[in-house]
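Report on one structure; see the data block that follows.
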Amino acid sequence: MKFTDGFWRIRDGVQISYATEVRDVRAESKRFTSYASTKQVTRRGDTLNAPLVTVDCFSPAEGVVGVRVTHHAGKRHPGPDYALAADAGGAGEVRRDGAVTELTSGPLTLRLDADGGFGLTFLDADGRQLTRADAKSTAYATTAEGTHHMLSRLSLGVGEHVYGLGERFTPFVKNGQTVDVWQADGGTSSEQAYKNVPFYLSSRGYGVFVNHPGAVSFEVGSESVGQVQFSVEDQTLEYYVIAGPTPKDVLGRYTALTGRPALPPAWSFGLWLSTSFTTSYDEATVTSFVDGMADRGIPLSVFHFDCFWMREYQWCDFRWDPEVFPDPEGMLARLRNKGLRVSVWINPYIAQKSPLFDEAAALGHLVRRSDGDVWQWDLWQAGMGLVDFTSPDARAWYQGKLKALLDQGVDCFKTDFGERIPTDVVWHDGSDPERMHNYYTHLYNRTVFELLEKERGQGEAVVFARSATAGGQQYPVHWGGDCWSSFEAMAESLRGGLSLSLSGFGFWSHDIGGFEGTPDPEVFKRWLAFGLLSSHSRLHGSTSYRVPWEFGDEAVDVARQFTLLKHRLMPYLYGAAAEAHRKGVPVMRPMILEFPADPACRPLDRQYMLGPDLLVAPVFGADGDVEVYLPQGIWTHLLSGERVTGPCWRTERHGYDSLPLYVREGAVLPLAGDDSRADGDWLDAPVLLVHPSGASDYAAEVTVPDTAGLPAATFHVRRDGDALRVTASGTDRPFTVRVPGGAEASGSGEVSVPVS
26 MKFTDGFWRI
36 RDGVQISYAT
46 EVRDVRAESK
56 RFTSYASTKQ
66 VTRRGDTLNA
76 PLVTVDCFSP
86 AEGVVGVRVT
96 HHAGKRHPGP
106 DYALAADAGG
116 AGEVRRDGAV
126 TELTSGPLTL
136 RLDADGGFGL
146 TFLDADGRQL
156 TRADAKSTAY
166 ATTAEGTHHM
176 LSRLSLGVGE
186 HVYGLGERFT
196 PFVKNGQTVD
206 VWQADGGTSS
216 EQAYKNVPFY
226 LSSRGYGVFV
236 NHPGAVSFEV
246 GSESVGQVQF
256 SVEDQTLEYY
266 VIAGPTPKDV
276 LGRYTALTGR
286 PALPPAWSFG
296 LWLSTSFTTS
306 YDEATVTSFV
316 DGMADRGIPL
326 SVFHFDCFWM
336 REYQWCDFRW
346 DPEVFPDPEG
356 MLARLRNKGL
366 RVSVWINPYI
376 AQKSPLFDEA
386 AALGHLVRRS
396 DGDVWQWDLW
406 QAGMGLVDFT
416 SPDARAWYQG
426 KLKALLDQGV
436 DCFKTDFGER
446 IPTDVVWHDG
456 SDPERMHNYY
466 THLYNRTVFE
476 LLEKERGQGE
486 AVVFARSATA
496 GGQQYPVHWG
506 GDCWSSFEAM
516 AESLRGGLSL
526 SLSGFGFWSH
536 DIGGFEGTPD
546 PEVFKRWLAF
556 GLLSSHSRLH
566 GSTSYRVPWE
576 FGDEAVDVAR
586 QFTLLKHRLM
596 PYLYGAAAEA
606 HRKGVPVMRP
616 MILEFPADPA
626 CRPLDRQYML
636 GPDLLVAPVF
646 GADGDVEVYL
656 PQGIWTHLLS
666 GERVTGPCWR
676 TERHGYDSLP
686 LYVREGAVLP
696 LAGDDSRADG
706 DWLDAPVLLV
716 HPSGASDYAA
726 EVTVPDTAGL
736 PAATFHVRRD
746 GDALRVTASG
756 TDRPFTVRVP
766 GGAEASGSGE
776 VSVPVS
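Residue 459 in the numbering used here is what sits at position 434 of the sequence shown, and the numbering runs on without skipping anything.
Right under this line is the structure:
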């Protein structure tokens, strides 16, 4: 929200009171509180009839400093709140030297100098300024409408870039944008977002998390071009500055605070095929799709039933349409016998025609208005109500309906919707409706995910979620929502995914070919390569099928090639997935995450790193032309073997069976010997693609995980003159070592291969 009219004036009807002068500092061993007047105090009378802003400074965890700015502290606080993992008793250490008070937590220091006016400076371990809240940067504002807002502004350095704030489809670098953190069902072609996260990451090596689950308005170099402003309609504003120094360090600390992603099961990384949304289908249709994929040599891992597995006007009643699916248990068993897992679509809404509506209303499980009426409307489903996930009984009731489906043979759920949450309602636990609007989806996805973990076991739970907020990364996977079937939508989907990855989310997917409309074969084939080089891969549409043969024989070949390639990459990809689970580093990584010191990487949003060592640049045009930037080092094209020395920009032309897919110098890429499934035996004749650096002392190692993400075997690589020696620990099974140029050798225990 903008409060000023240009640089000099305040907007009509707005009054701003800035923290101006430090009047007192009360310090403890691990925290301090500053009291700032909103005007200069030159005599005792100036302390009367004047506000005082309270600024609490503390550290919830190493490398994280929190600032809580309060005007009136007596406002009722009904919640909800983000669940944060803070150190018991707090972290950090306070030091005072004259007018200067410092709070240091790990590599991060917050400095308050009481001389010269109120201001907060954040410093890194070397004493370098990361950002600063200068004069007129900490304030509260009132409007002519009577609303009260708390706001803070943090400085932007010259050339500093800002990223994140959720899955946003607007430009990847957020500088110059107004970003309102407010869940909306707006597709992928607008400034609205399904996944709003009040966290941004700076190219200067720090992050900022605004600890407020409701509406947060960010002005990213847009109201004041040298500052990021964030504001809430409240009496208190709390934010955390999170140290680096690298973007990975920032994400590690942020996800330690808000929650690390669970590790999805290995089978979920294979290809998902959907019925699509409003298409006509029954078991015969599903069988024809599944058998058609098998006949064409395209391995399939998951089959998904979208909305119309249930009866029309009755979403959700969690019952198969008996006229279309008269034998759901038998059908699910038949799909299981074909080696498939099954996903079904759900949402948190109960239509009035559903038999569950009266049941849920009578039990008090639906959200109500202040007069006691059940909240209802006709958008999406006629007369639908909203499950009140703030009620433990409602959560248990909802889980009971899903458990019946799991008992039938369903494996996972697509948790759609959860964005259009009303604010004119009363919640069971008394939550503030404005704060619950964004937070609702967190309760929804958690309810479903926890049931899956309970029934299927830890490591076997996966959802396909559309909406999320901070902390939602704990319940993967998330997909990019409703996009058009065009190259432009393909590019905006990637922007959204990269933005989400810099917001703490480790796993992300999208609808291959686009959702709305029917893609041209050219779009579909290019999107196949992109989709199968994403963390998760799903064929899904709206009014038309997405089976590859609908788009020609070449599309079938492309689907087969890249599905088999992904299966071969699974030891590498699941290693990256395990890293996301342990450290919070996403599988799909914007270039800045791996190359933060390379200025050319900072704005790149049409290419990414898949794990630490694979560079992917999707092709966004039918002619096959694509621009790709390769950072410093020697890069080897995984499919052609071409070697390129960076840093350089290249314009390449690729057929539908290729795209820029480069392996980083020094990498050891483990490939599965069996490409028939995603969750195979990765130590059955694996191939190690070694891309050594030119250094005479080159050494590297790679760990192949098991399907629980634990180390199964580690391969140690070192240069020995004109040869590479690879030794294995944890396994005595045979493996093959291959180097650029084609030289390879096989054996067990230790293998030596010549290298130029």
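C-beta: ideal position from N, C-alpha, C; glycine also.
None of the values given here were measured: they were computed from a predicted structure.
Can you find the residues in the same chain that come closer than 6 Å, C-beta to C-beta, to residue i, ignoring five residues on each side of it along the sequence?
i, result
"W574", "V581"
"G658", "G671, E690"
"T168", "G38, V39"
"G609", "L276, G277, T280, R285"
"R593", "L696, A697, D700"
"D454", "T415"
"V92", "C82, Y264"
"K161", "Y43"
"R445", "D210"
"R675", "V653"
"V257", "M175, H237, V241"
"D331", "S299, T300, F302, W370"
So residue i packs on residue j, CB below 8 Å; how close in whole Å?
i, j, result
"F333", "L430", "Not really, about 16 Å apart at Cβ, beyond 8 Å."
"S456", "P717", "Their Cβ separation, rounded to whole angstroms, is 57 Å, which puts S456 and P717 out of contact at 8 Å."
"D536", "R563", "6 Å"
"V90", "L128", "6 Å"
"V222", "G191", "4 Å"
"G251", "L181", "5 Å"
"L288", "A603", "6 Å"
"F314", "H561", "No, F314 and H561 are not in contact; Cβ-Cβ is about 19 Å, not under 8 Å."
"I375", "M335", "The Cβ separation is near 11 Å, so there is no contact."
Name, in chain order, the residues that DSSP records as bridge partners for residue i.
i, result
"C437", "S368"
"H741", "E726, T752"
"S758", "It is Arg, not Ser, that sits at residue 758 in the sequence shown. None, per the DSSP bridge assignment."
"Q154", "L148"
"M175", "Y165, V257"
"H329", "S299, S368"
"Q208", "A218"
"W334", "Bridge partners of W334: none, in fact."
Quick check: the Cα distance between residue i and residue j, rounded to an integer number of angstroms?
i, j, result
"L135", "L381", "54 Å"
"G99", "T261", "10 Å"
"K55", "E118", "5 Å"
"T300", "S569", "9 Å"
"P611", "W533", "9 Å"
"D638", "L694", "8 Å"
"V94", "V125", "19 Å"
"A514", "G212", "10 Å"
"W207", "F442", "14 Å"
"H186", "F197", "10 Å"
"F620", "V183", "19 Å"
"Y338", "G144", "57 Å"
"F57", "P272", "28 Å"
"D731", "A725", "20 Å"
"S683", "G705", "25 Å"
To which residues of the same chain is residue i closer than 7 Å at the C-beta, ignoring the five residues directly before and after it?
i, result
"R471", "Y500"
"G496", "Y107, A108, T283, G284, H467"
"S62", "T45, E46, R48, A75, L77"
"P779", "D747, A748, A768"
"E308", "F350, M356"
"G434", "E354, L357, A358, R361, V367"
"A166", "F28, V39, Q40, I41, H174, L176"
"A647", "E547"
"Y633", "L523, M613, R614, P615, M616, V641"
"A111", "P85, A86"
"E677", "V651, V653, P685"
How far does the alpha helix (DSSP H) with residue i in it extend, from its first residue to its last?
i, result
"W345", "W345 -> no alpha helix (DSSP H), and no H or E assigned at all."
"T472", "458 to 481"
"V315", "308 to 320"
"G277", "272 to 283"
"P447", "P447 -> no alpha helix (DSSP H), and no H or E assigned at all."
"D682", "From DSSP, D682 is part of no alpha helix (DSSP H); its letter is neither H nor E."
If you follow the beta strand (DSSP E) that residue i is in, where does it begin and where does it stop?
i, result
"P624", "From DSSP, P624 is part of no beta strand (DSSP E); its letter is neither H nor E."
Among the residues of its own chain, which have a CB less than 8 Å from the CB of residue i, if the five just before and after it don't count?
i, result
"D449", "R394, S395, W400, P458"
"V488", "C437, F438, K439, T440, N470, V473, F474, L477, Y500, P501, V502"
"W452", "V392, D413, T415, P458, M461"
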